[in-house]
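What follows is one structure encoded as structure tokens, with my remarks underneath.
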Amino acid sequence: MNNKIDKMKRVLISFFAFLFLLFPNNSAADEGMWLPLLLKNQKFEQMRKMGLKLSAEEIYSINRACIKDAVIGLMGEGANLRSFGTASFISDSGLIITNYHVILSYIERFSNSENDFLKYGYWARNRAEESLCRGLQMKQLIRMEDVTGVILEGTDSLTGPERSLKIDENGKRLASLATKETGYEVRMQALFGNSQYIMSVYAVYRDIRMVAAPPFSIGKFGGHKDNYSWPRHTGDFAILRVYSNKENKPSTFSNKNVPYKPASYLKISLKGVKDGDFIMVAGFPGSTKEYVPSFALDRIIYGENVHKVGIRKEKIDIINSAIDENPQLRFRYTTRLSSIENSYLRWRGEIMGVTRMDLVNKKRVEEGNYKRWVAADSKRAEMYSGILERMEELYKDVAVYNLAEAYFNEAGINGSEIVPFIGKFEKLAAIYSRKNLDIKAANSEAKRLIGLTHQFFENWDLEVDRKMFRNMMVKYYQNMPDIFKPDAMVKYLTQYEGDAQRLSQELFKNSIFTDKGRLIQFLEDSNRDLSGNIKEDPLYQLAIGYYMINVNKIMRVRGELQSRLMELNNIYMRGYLEMNGEKIIYPDANNSQRISYGRVNGAKAQDGLFYSSFTTLDGANDKYLNNIEDEQFYLPKKVRDLIEKGDYGVYASDNGKLTVNFLTDAHTTSGSSGSPVLNSKGELVGLNFDRIWQGVASDFRYDKDISRSIALDIRYILFILDKYSPSQYVLRELKITK
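Offset between the sequence shown (1-based) and the numbering used here: plus 1249.
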């Protein structure tokens, strides 16, 4: 009997082995965000096996129009080519599509009680109604180049600062050659602990105009309650247009500018996607920390993140309480609240995800393997022995200053709004502190500050910010060692016997910085006296105190420690790459253009809970009906009427339902927001806009079972444009395939 069972087992094993050979497992996602420049030699064949129908040159090429040209980064003024979101061209007349939340601040600026674009949406009906988004810029990748050899030329015998100076010198020379007589801009970025250098050359466009955006109730349906969660029913999209001069070159705003003609734009597919379909995401992901050592991860997650979550929670409670008391404050705080909540939820998700994966201990095991590999060879031991131990010892000091920087950012300059506003007056103070006063420079700076003052008070609430200032000051004081406490903070809290409530009330009642009239009058007076009106102001002293502590006690020392740590990390990473040999390893995201890929795929979120891949508009209606009193789940009546009629037109799936969102297992991160989700033919099927909170720890380690990104189905966008919006002219510009 046992022999028969053994024989049956062997037959079954052979049969399943045969099935595996016949039908290889191509359904699993491949983690990583890959450089399009290197995709052909690294992951292209794997992508083809999974279903990709494009050639490598249709994704990245410098000789023909391709997807690389159609995918752009959105950034603000002075961003030094660091974008905060992704967009893509969808017409030959400069239309771009991105996420609603990416450009929400501009909609908020346009909105007021007479033109409530947050409530009703922003819908231009022709090009004349398209509005300039002041300060918004677009970077378009011209080319990428691996310049490692040129950057490291002449550095073999150099170490420390001398090596860094030589690398910087080589980089500047290379950038100058790459941009000569082109108007292009360059960003040079190091990968794998300065083992590889990639140069990205960009064209930057500065005339971007708002075209179409849904109401907040569609673009942010579910609000913070649904953020990082599933099921999701959010219409997170907005459409803008890029303008250029008549030669199709970058230009600042001018009424003479014309819609930009991109070399490539995306076709839109009406077919939608189904479970298991291949998808690809192209964009400018921000940053990941895949290769951070165990001891650093432990401090980041269970040190910095825990503190930052506590600070953000307090901010959220203050703003929500104020909006509950005065709903009109929603206009002022929608964007800020959304931004605060976004990082708050992400950090919480990272804590839970790293804990669930037991990632700190897993990394310790991997580091043990690394140490054994090093010890097994005398030459390796000479180069890499003791590196991790030295890094861990140094990181104890680094962690102290990292936490101090976190409090400076979270509770200091990004705590209350009055602190960074006061910080803008430091340049004027510096002019008056010089031995020979330059009155012309002083008046010029005062004029600039008058404009900033008008702008600040338009969107500032004294009482909300006073509470924020009070609570953030207390948080900072209670959690920072004495060395990082500003003298003014210690002085005034001692003077008021620790009564932060009374202190904040006195400060905000008497300060010139909380009185617009007094402040404008002071700035307009050419005989202004800073010593009496500004420098002796306690609120000024407290605000500037944060900056002084950062400059004198945090930034310099932290920079020196980080530099020493980086030198050790560079050696560690060289060993890591050597140990992994021929294995293809993806670099951490660093805001350069990347490609990730995978499939439409649900997830087992936890025991007994499985997330299916799709949500429909019926589900959005259910949420509305079950949360009638909650404005975060309000669904406009016009949309509800369309649901009741089942009027989905050509945008419905085969089952007659209208898909709103879907899940993919493509690897994404912050900065991937707005990235186009493409099918196997490179057609636009969705917009990436979020991740599920259970998987946000993918910034540290991708987990194929739970790392999921959330995309907005392009057919829902088309449905809103067609059936809901007045911006019908937009539809006529799109190239839609069936």
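C-beta: ideal position from N, C-alpha, C; glycine also.
If you count every other CB in all the chains shown that lies within 10 Å of the CB of N1850, and 16 or more means buried, which is it? buried
In the structure shown, what three-state DSSP assignment does Q1855 receive? strand
Hey, quick one: how far does the alpha helix (DSSP H) through K1887 stretch, first residue to last? K1886 to K1894
Once DSSP output is grouped into helix, strand and coil, what is the label at Q1438? strand
Beta-carbon contacts of I1699 that lie in its chain and below 8 Å, excluding the five residues immediately before and after: I1769, L1772 and E1773
Please name the residue in S1845, L1515 and T1428 whose C-alpha comes closest to that of V1453. T1428
DSSP three-state assignment for Y1446, whether helix, strand or coil: strand
Give me the Cβ distance between I1467 and I1969, rounded to the nearest whole Å; I'm assuming they're in contact under 8 Å. 7 Å
Let me know if E1631 comes out buried or exposed under the rule of 16 or more other beta-carbons within 10 Å of its beta-carbon. exposed
Roughly how many angstroms separate the alpha carbons of E1816 and R1412, rounded to a whole number? 11 Å
Could you give the first and the last residue of the continuous alpha helix (DSSP H) run that contains V1609? L1608 to A1624
Runs of beta strand (DSSP E) wholly within the stretch 1466-1526 (minimum 3 residues, chain order): 1487-1493
I need the DSSP call for D1786, collapsed to helix, strand or coil. coil
Quick check: the Cα distance between S1354 and R1313, rounded to an integer number of angstroms? 36 Å
Residue ranges of each alpha helix (DSSP H) run of no fewer than 4 residues wholly in the stretch 1833-1877, ordered along the chain? 1866-1875
Considering F1757, what are the terminal residues of the alpha helix (DSSP H) in which it resides? A1749 to N1759
Simplified DSSP state of V1260, which is helix, strand or coil: Note on V1260: pLDDT 40, under 50, position unreliable in the model; no value is reported.
Euclidean distance between Cα positions of P1273 and D1279: In this prediction, P1273 has a pLDDT of 36, which is less than 50 and means its spatial position is unreliable; what the coordinates show is noted afterwards. For P1273 and D1279, the distance between alpha carbons rounds to 14 Å.
Enumerate, from N- to C-terminal direction, the unbroken beta strand (DSSP E) stretches of 3 or more residues contained entirely within the stretch 1928-1984. 1933-1940 and 1958-1962
Proximal residues to A1305 (C-beta, below 8 Å), its chain only, five neighbours per side dropped: L1288, K1289 and F1293
Measuring alpha carbon to alpha carbon, tell me which residue in L1927, F1757, N1728 and R1597 is nearest M1717. F1757
In angstroms with no decimal places, state the Cα-to-Cα distance between V1723 and G1920. 32 Å
Count the other CB atoms, across all protein chains shown, that sit within 10 Å of the CB of V1780; report buried if there are 16 or more and exposed otherwise. The sequence shown places Ser at residue 1780, not Val. By the neighbour-count rule (16 or more Cβ atoms within 10 Å), S1780 is not buried but exposed.
What is the DSSP secondary structure of D1279, reduced to helix, strand or coil? strand
Counting only runs of 4+ residues fully inside the stretch 1699-1754, write out the alpha helix (DSSP H) ranges in chain order. 1711-1728 and 1736-1744
Assuming G1598 and V1945 are in contact, meaning their beta carbons sit under 8 Å apart, how far apart are those beta carbons, in whole angstroms? 4 Å
Cα-Cα, which of D1526, N1591 and T1584 is closest to V1558? N1591
When every heavy atom of the ligand FAD is checked, does at least one fall within less than 7 Å of the C-beta of Y1978? As far as ligands go, the structure on display features none, and thus does not contain the ligand FAD.
Should the stretch 1333-1350 be called in touch with the stretch 1915-1929, which here means at least 3 C-beta pairs below 8 Å? yes
Could you check the C-alpha separation between V1603 and D1948 for me, to the nearest Å? 10 Å
For Y1446, I'd like the list of residues in its chain whose CB is within less than 6 Å of its CB, leaving aside the five on either flank, ordered along the chain. V1396, T1397, I1400 and A1439
Mapping the DSSP letters down to three states, classify P2056 as helix, strand or coil. Because the chain here runs from 1250 to 1987, residue 2056 falls outside it and cannot be looked at.
Evaluate F1911 with the Cβ neighbour count: other Cβ atoms within 10 Å of its Cβ, from every protein chain shown; 16 or more gives buried, anything less gives exposed. buried
Beta-carbon proximity list for K1302, same chain, < 7 Å, skipping 5 on both sides: S1929 and K1930
Below 8 Å on the Cβ atoms is my guess for S1588 versus I1941; work out the distance and round it to an integer in Å. No, S1588 and I1941 are not in contact; Cβ-Cβ is about 20 Å, not under 8 Å.
Does the distance from the CB of G1472 to the CB of Q1727 come in under 8 Å? no
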